[in-house]
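Following: one structure in structure tokens, then a few remarks.
In this note's numbering, the protein residues as written are 15 to 71.
As structure tokens, then:
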């Protein structure tokens with residue numbers, strides 16, 4: 015049987031989330047998530063915005 019929070023975690027990753035944080039929030043966990051975001055942005059450049067522009071967003 016899956017727990018209540020498992021449902022949220024599964025949905026988050028289905029939506030391509032960067033990470034899934036739970037309360038109480040630990041500073042190290044937040045830093046890790048922000049580092050992941052920075053790395054993704056560095057590697058992706060501006061292609062996500064170009065894609066949105068292409069679709070008229």
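We treat Cβ as the ideally placed atom computed from N, Cα and C, and that holds for glycine.
Going by the CB atoms, is the gap between residue j and residue i shorter than 7 Å?
i          : j          : result
residue 32 : residue 50 : yes
residue 34 : residue 23 : yes
Please give the ranges of any alpha helix (DSSP H) in the segment 18 to 55, keeping only runs that are unbroken, at least 4 residues long and fully inside the region. 18 to 28
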